[in-house]
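>
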Amino acid sequence: MDNRTYKTVGRTVRKKDAMQLLLGKPVYTHDIIPKGALVVKLLRSPHAHAMVASVNKKAASAVPGVAGIYTWEDAPGNRFAIAGQTYPEASPYDRLIIDRHIRFVGDVVAIVAAETEAAADKAIRLIKVNYELLDPVLDIHTAKDNPILVHPEEDWFPPCQVGGDPKRNLVACETDSHGDVDRIMEECDIVLEHTYHTRAFNQAMMETFRTYSELDRYGRLHLISSTQIVFHTRRILSRALGIPKSMIRVEKPRIGGGFGAKQTAVCDVYPAFVTMKTGRPAEIIYSRKESFDAGSPRHEMEIKVKLGADKDGRIRALDLYTLSNTGAYGEHGPTTVGLSGHKSIPMYTGSLEAYRFAYDVVYTNTVPAGAYRGYGATQGIFALESAVNELAEKLHMDPTVMREQNMVREGMVMPAYYGETANACALDRCLAHCKEMFHWDEKYPVRDMGNGKVRTAGVAMAMQGSCISGIDVGSATIKLNEDGGYNLLIGAADMGTGCDTILAQMLAENMDCSVDDVAVFGADTDASPYDSGSYASSTTYITGKAVEKACDDLKKKLCRIAADMLQVDPADVQFEGKYVRCLADDRKIPLGDIAYKTQVFSNEHAEATASHSSPVSPPPYMVGMVEIELDKETGHVEVLNVCAVVDCGIPINPALATIQTEGGLVQGIGHTLMENVTINKKGKIIEDNFLQYKLPTRLDMGHLKVEFEQSYEPTGPFGAKSIGEIVINTPAPALAHAIYRATGVWHRELPITPEKILMELLQKN
Amino acid sequence: MEVRMKLNGKNITGDVRPDSLLIDFLREKGCVSVKRGCETSNCGLCTVLMDGKPVLSCSLLTLRAAGHDIFTLEGLQEEASEFVGFIADQGADQCGFCNPGFVMNTIALLRENPDPTDDEIRAFLSGNLCRCSGYEGQLRGIRNYLSSRHG
Numbered sequence: 188m189d190n191r192t193y194k195t196v197g198r199t200v201r202k203k204d205a206m207q208l209l210l211g212k213p214v215y216t217h218d219i220i221p222k223g224a225l226v227v228k229l230l231r232s233p234h235a236h237a238m239v240a241s242v243n244k245k246a247a248s249a250v251p252g253v254a255g256i257y258t259w260e261d262a263p264g265n266r267f268a269i270a271g272q273t274y275p276e277a278s279p280y281d282r283l284i285i286d287r288h289i290r291f292v293g294d295v296v297a298i299v300a301a302e303t304e305a306a307a308d309k310a311i312r313l314i315k316v317n318y319e320l321l322d323p324v325l326d327i328h329t330a331k332d333n334p335i336l337v338h339p340e341e342d343w344f345p346p347c348q349v350g351g352d353p354k355r356n357l358v359a360c361e362t363d364s365h366g367d368v369d370r371i372m373e374e375c376d377i378v379l380e381h382t383y384h385t386r387a388f389n390q391a392m393m394e395t396f397r398t399y400s401e402l403d404r405y406g407r408l409h410l411i412s413s414t415q416i417v418f419h420t421r422r423i424l425s426r427a428l429g430i431p432k433s434m435i436r437v438e439k440p441r442i443g444g445g446f447g448a449k450q451t452a453v454c455d456v457y458p459a460f461v462t463m464k465t466g467r468p469a470e471i472i473y474s475r476k477e478s479f480d481a482g483s484p485r486h487e488m489e490i491k492v493k494l495g496a497d498k499d500g501r502i503r504a505l506d507l508y509t510l511s512n513t514g515a516y517g518e519h520g521p522t523t524v525g526l527s528g529h530k531s532i533p534m535y536t537g538s539l540e541a542y543r544f545a546y547d548v549v550y551t552n553t554v555p556a557g558a559y560r561g562y563g564a565t566q567g568i569f570a571l572e573s574a575v576n577e578l579a580e581k582l583h584m585d586p587t588v589m590r591e592q593n594m595v596r597e598g599m600v601m602p603a604y605y606g607e608t609a610n611a612c613a614l615d616r617c618l619a620h621c622k623e624m625f626h627w628d629e630k631y632p633v634r635d636m637g638n639g640k641v642r643t644a645g646v647a648m649a650m651q652g653s654c655i656s657g658i659d660v661g662s663a664t665i666k667l668n669e670d671g672g673y674n675l676l677i678g679a680a681d682m683g684t685g686c687d688t689i690l691a692q693m694l695a696e697n698m699d700c701s702v703d704d705v706a707v708f709g710a711d712t713d714a715s716p717y718d719s720g721s722y723a724s725s726t727t728y729i730t731g732k733a734v735e736k737a738c739d740d741l742k743k744k745l746c747r748i749a750a751d752m753l754q755v756d757p758a759d760v761q762f763e764g765k766y767v768r769c770l771a772d773d774r775k776i777p778l779g780d781i782a783y784k785t786q787v788f789s790n791e792h793a794e795a796t797a798s799h800s801s802p803v804s805p806p807p808y809m810v811g812m813v814e815i816e817l818d819k820e821t822g823h824v825e826v827l828n829v830c831a832v833v834d835c836g837i838p839i840n841p842a843l844a845t846i847q848t849e850g851g852l853v854q855g856i857g858h859t860l861m862e863n864v865t866i867n868k869k870g871k872i873i874e875d876n877f878l879q880y881k882l883p884t885r886l887d888m889g890h891l892k893v894e895f896e897q898s899y900e901p902t903g904p905f906g907a908k909s910i911g912e913i914v915i916n917t918p919a920p921a922l923a924h925a926i927y928r929a930t931g932v933w934h935r936e937l938p939i940t941p942e943k944i945l946m947e948l949l950q951k952n
Numbered sequence: 051m052e053v054r055m056k057l058n059g060k061n062i063t064g065d066v067r068p069d070s071l072l073i074d075f076l077r078e079k080g081c082v083s084v085k086r087g088c089e090t091s092n093c094g095l096c097t098v099l100m101d102g103k104p105v106l107s108c109s110l111l112t113l114r115a116a117g118h119d120i121f122t123l124e125g126l127q128e129e130a131s132e133f134v135g136f137i138a139d140q141g142a143d144q145c146g147f148c149n150p151g152f153v154m155n156t157i158a159l160l161r162e163n164p165d166p167t168d169d170e171i172r173a174f175l176s177g178n179l180c181r182c183s184g185y186e187g188q189l190r191g192i193r194n195y196l197s198s199r200h201g
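Just so you know, the sequences run in chain order A and B. Just so you know, the first sequence maps onto residues 188 to 952 in the working numbering. Just so you know, the second sequence maps onto residues 51 to 201 in the working numbering.
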């Protein structure tokens with residue numbers, strides 16, 4: 188624990204862009220681009236697996252206003268990955284801009300550019316395609332070593348060796364273990380073995396994918412894109428289009444939500460390709476349907492959990508096997524799967540004697556998956572936390588008491604978490620706090636309401652990481668202005684989370700100024716210092732620390748300039764917020780004077796840039812509890828109360844941390860109770876719109892209550908860890924637990940819809 | 051086809067195709083606060099006021115709005131400014147993409163029912179989806195605004 192008090196950090200301030208957003212100002216991609224851009228539309232395959240035999244574009248080309256129609260013959264032959272990851276990526280280079288080989292319903296057959304949307308739509312309808320149909324691989328269980336190959340091409344290329352083999356439909360595989368799992372399983376009084384299944388849930392950010400591209404006044408390719416990853420996008424475009432990185436500029440305006448969806452360059456390449464072909468500005472806006480059919484949803488996973496315990500509830504061994512479906516392309520496939528074990532198993536470090544975690548990631552002819560808040564941990568935690576609840580119910584133990592005797596605690600070394608030490612861990616306090624806040628002892632027992640409805644509760648714990656250890660880089664540039672204020676330039680992407688604001692808070696705290704004195708700019712590959720981007724719960728922890736370092740550098744620099752002005756040694760002056768003071772005689776140089784000094788006959792600028800990376804990824808921890816009322820006649824689950832207590836180190840901005848948590852909880856309720864993804868026999872997603880893919884409304888989430896337990900992470904800025912992702916992880920296992928309490932049936936597949944609850948109840952009775 | 055309407059208090063005319071949707075017409079006229087979040091009338095992002103009543107501009111032909119009085123957030127900045135700061139204080143603006151539709155519907159709510167209960171707020175705004183905030187912060191913001199009015 189850290190008991191320091193701060194002026195700005197740890198306090199709620201409004202997001203810097205709040206009033207612009209709330210008053211509907213033009214701040215998003217589609218609001219700010221010039222008129223007259225070509226409208227780009229994609230002709231998508233209705234088939235899951237096919238070869239394009241021929242394309243007749245004669246009639247389509249004759250549509251007035253059509254500027255170009257491009258098919259596989261027009262596209263470069265350089266395979267690339269669209270996953271936003273640090274080079275060399277774990278994701279295989281398995282895509283072309285347009286491929287003759289069609290691999291899922293929604294794969295791109297042709298790119299159309301036209302003066303108007305109507306012309307583009309008409310041309311799309313008039314393109315005639317002959318397909319040679321192939322049998323699709325749709326079942327994850329038969330994908331591995333299936334004679335039908337999703338990626339038979341010889342130029343498939345893995346930048347990293349992650350156990351992939353396209354001749355086996357395998358993107359990645361690995362086995363990791365610690366201790367003798369088999370021996371300890373044998374010694375256990377009780378061994379549970381169950382399989383859990385989660386689907387390709389959609390991020391459903393309110394702003395769909397969109398990108399604008401043009402040639403700028405230097406003839407360079409300039410993109411304005413709704414993206415979390417400006418620098419990765421620049422690199423991806425360079426490879427895909429075969430043009431130098433120095434000829435590309437990528438910037439993001441405000442983003443209408445991302446949740447990881449925009450950690451993949453889903454649509455950027457298409458308008459960029461059109462601009463390179465035509466020399467004209469071009470824009471693509473995905474429809475909601477396209478964002479379902481060809482977005483970058485969560486990886487469908489099937490997780491087998493084998494859990495060995497003693498009869499007193501001591502969990503001794505865990506054996507997990509995850510089968511992950513990456514879909515038609517491998518974006519984020521090799522990496523998401525790792526979190527299903529490495530960010531679930533370590534929660535039981537307190538008692539665990541051995542674990543094994545193995546996985547296969549397979550290609551199928553379904554929508555390619557990507558990054559989604561939680562990134563595999565969500566799936567793994569649903570499975571493991573459900574199994575732990577099943578153990579508790581089987582042993583007739585209170586699941587909170589059982590967790591108390593098994594959980595990871597501060598100071599423990601976590602073998603399943605790359606051997607990292609839990610330097611800051613308040614999971615035990617989170618549980619105690621949540622129990623009290625939620626009134627667990629009153630709400631856990633099943634209460635028959637006398638009208639066919641029962642009330643009861645469920646619980647789950649969660650962890651995540653803070654950054655990708657040893658990989659993610661965050662940077663900050665700070666410039667002093669003539670009025671003593673600062674510009675903060677970052678390459679991290681505020682997608683609504685408020686990172687621009689919390690980074691400004693950290694700057695203000697370090698430089699002893701007001702948040703209002705800080706102007707934040709980001710992100711633009713031409714102007715921002717390098718940053719991996721906003722993903723993997725890294726921005727607060729990594730870019731925050733870069734801000735701290737840049738502040739330290741800038742202070743030293745300002746002292747040096749001021750000392751020169753005062754004609755004293757730099758050791759004899761001190762930075763004091765609004766000025767630099769001479770310790771000997773109290774003379775003060777205001778910051779504005781220092782800034783002006785650097786503009787006249789100066790060889791030094793009043794700015795600093797720093798980068799930061801971390802060898803560790805300190806986990807935030809969390810406990811979530813839900814109270815439901817289940818209608819046994821209809822299977823309907825009404826969420827009454829949701830409580831969560833989070834240990835994110837210290838919340839830099841408590842209001843924003845609270846909203847992150849509340850938003851994650853509701854998103855988690857969505858994929859647990861109502862958001863369904865069904866793939867039909869032809870490989871088509873049935874729920875490809877908001878009529879069928881039901882997002883929670885404000886009538887579906889009950890009452891939320893969120894509080895924090897602070898810990899102090901020594902490697903984080905001001906002791907902070909992350910919060911963005913962990914918050915989505917508890918609702919699924921906690922709700923599945925409560926539904927079991929109410930019905931006596933364990934649901935091991937998400938979502939748990941009223942139909943499923945009712946059918947199971949009918950079958951049971 | 052020529053269409054005339056009153057937009058944000060001013061008489062305007064436009065030349066539209068028969069299948070033009072009001073949302074596209076309004077954005078074309080510079081009212082870019084009006085957002086499209088779906089194609090199935092489910093998200094509420096495109097909410098505008100027609101003769102004072104909230105309507106989904108994605109589900110209305112521009113010609114249906116002919117002769118009517120349309121307001122978008124661009125025309126109600128002052129009225130919105132009275133309460134949106136309270137939502138900003140909660141951090142509930144988040145990505146902001148749903149904000150204009152949500153704010154427009156909240157204006158409609160407060161005009162119709164100046165002193166709503168929490169349940170009335172939830173019910174009235176239930177057609178306005180938000181994927182970021184979890185809704186509770188929006189509710190706290192509106193509640194704080196209402197409390198501030200009571201002094």
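By construction, the Cβ of each residue, glycine as well, lies at the ideal position given by its N, Cα and C atoms.
#1: Going by DSSP, name the residue or residues bridged to Cys360 of chain A.
#2: Measure how close the beta-carbons of Met812 of chain A and Cys830 of chain A come, nearest whole angstrom, since I'm counting them as under 8 Å.
#3: Does any residue of chain A bring its CB to less than 9 Å from the CB of Thr167 of chain B?
#4: What does DSSP give as the partner residues of Met594 of chain A in its beta bridges?
#5: Which whole runs of the beta strand (DSSP E) in the segment 101-136 of chain B are 3 residues long or more, in chain order?
#6: Counting only C-beta atoms, is Val105 of chain B closer than 9 Å to chain A at any point?
#7: Compare the beta carbon distance of Ala663 of chain A and Thr565 of chain A with 9 Å and say whether it is the shorter of the two.
#8: Quick one: what's got a C-beta closer than 7 Å to Arg426 of chain A's C-beta in the same chain, skipping five residues either side?
#9: Assuming Leu510 of chain A contacts Val492 of chain A (C-beta within less than 8 Å), just tell me the rounded distance between them.
#10: Using a 10 Å radius around the Cβ and a threshold of 16 neighbouring Cβ atoms, would you call Glu696 of chain A buried or exposed?
#11: Report the neighbours of Ser183 of chain B on chain A: residues whose CB is nearer than 7 Å to its CB, in chain order.
#12: Determine the burial state of Asp875 of chain A: buried for a count of at least 16 other Cβ atoms within 10 Å of its Cβ, exposed for fewer.
#13: Taking 9 Å as the CB-CB cut-off, is Ala306 of chain A touching chain B?
#14: From the DSSP output, read off the bridge partner residues of Asp352 of chain A.
#15: Got a sec: which bits of the segment 136-159 of chain B sit with their beta carbon under 7 Å from any beta carbon on chain A, in order along the chain?
#16: Please state whether DSSP places Asn155 of chain B in a helix, a strand or coil.
#17: In angstroms with no decimal places, state the Cα-to-Cα distance between Asp261 of chain A and Gly466 of chain A.
#18: Leaving out the 5 sequence neighbours to the left and right, which residues in its chain are closer than 6 Å to Asp670 of chain A when beta-carbon positions are compared?
#19: Would you say Lys630 of chain A and Glu814 of chain A are within 9 Å of each other, going by their C-beta atoms?
#20: Check whether the Cβ atoms of Arg421 of chain A and Glu912 of chain A lie closer than 9 Å to each other.
#21: Taking beta-carbon pairs under 8 Å, can you tell me which members of the segment 204-226 of chain A lie near chain B?
#22: Looking only at its chain, what residues have a beta carbon closer than 8 Å to the beta carbon of Val214 of chain A, apart from the 5 residues adjacent to it on each side?
#23: Under 8 Å between beta-carbons, which chain A residues line up against Leu123 of chain B? List them in chain order, please.
#24: Candidates A:Glu477, A:Arg475, A:Leu408, A:Met392: which alpha carbon is nearest Gln450 of chain A's?
#25: Would you mind sorting Asn790 of chain A into buried or exposed? The rule is 16 or more other CB atoms within 10 Å of its CB.
#26: Please decide whether Val853 of chain A counts as near chain B, where near means a Cβ-Cβ distance under 9 Å.
#27: Using a cut-off of 7 Å between C-beta atoms, extract the partners of Cys108 of chain B located in chain A.
#28: Under 9 Å, Cβ to Cβ, is there at least one residue of chain B near Val511 of chain A?
#29: Closest Cβ-Cβ distance between Ala96 of chain B and chain A: below 9 Å?
#30: Determine whether the beta carbon atoms of Asn92 of chain B and Leu878 of chain A lie at a separation below 9 Å.
#31: At which residues does the beta strand (DSSP E) containing His409 of chain A begin and terminate?
#32: Chain B beta carbons: is any one of them nearer than 9 Å to that of Glu394 of chain A?
#33: If you follow the beta strand (DSSP E) that Phe895 of chain A is in, where does it begin and where does it stop?
#34: For Ala771 of chain A, does the count of other Cβ atoms within 10 angstroms reach 16, so buried, or fall short, so exposed?
#35: Would you kindly check if the distance between the Cβ of Ala556 of chain A and the Cβ of Glu518 of chain A is under 9 Å?
So, from the listed chains and residues:
#1: A:Asp547
#2: 5 Å
#3: no
#4: None, per the DSSP bridge assignment.
#5: 103-106, 119-121
#6: no
#7: no
#8: Asn265, Phe267
#9: About 13 Å separates the two Cβ atoms, so there is no contact after all.
#10: buried
#11: Ile846, Glu849, Gly850
#12: buried
#13: no
#14: A:Leu357
#15: Ile137, Ala138, Asp139, Gln140, Gly141, Ala142, Asp143, Gln144, Cys145, Gly146, Phe147, Cys148, Asn149, Pro150, Val153
#16: helix
#17: 16 Å
#18: Gly779
#19: yes
#20: no
#21: Asp204, Ala205, Met206, Gln207, Leu208, Leu209, Leu210, Gly211, Lys212, Pro213, Val214, Tyr215, His217, Asp218
#22: Asp204, Gln207, Leu208, Pro440, Arg441
#23: Leu210, Gly211
#24: A:Met392
#25: exposed
#26: yes
#27: Those do not exist, as Cys108 of chain B stays about 11 Å from chain A at its closest Cβ, beyond 7 Å.
#28: One point to set straight first is that residue 511 of chain A is Ser, not Val, in the sequence displayed. Chain B contact via Cβ: absent.
#29: One detail in the question is off: residue 96 of chain B reads as Cys in this sequence, not Ala. Not closer than 9 Å to any Cβ of chain A, the Cβ of Cys96 of chain B fails to qualify, so no.
#30: yes
#31: 408-412
#32: yes
#33: 890-895
#34: exposed
#35: yes
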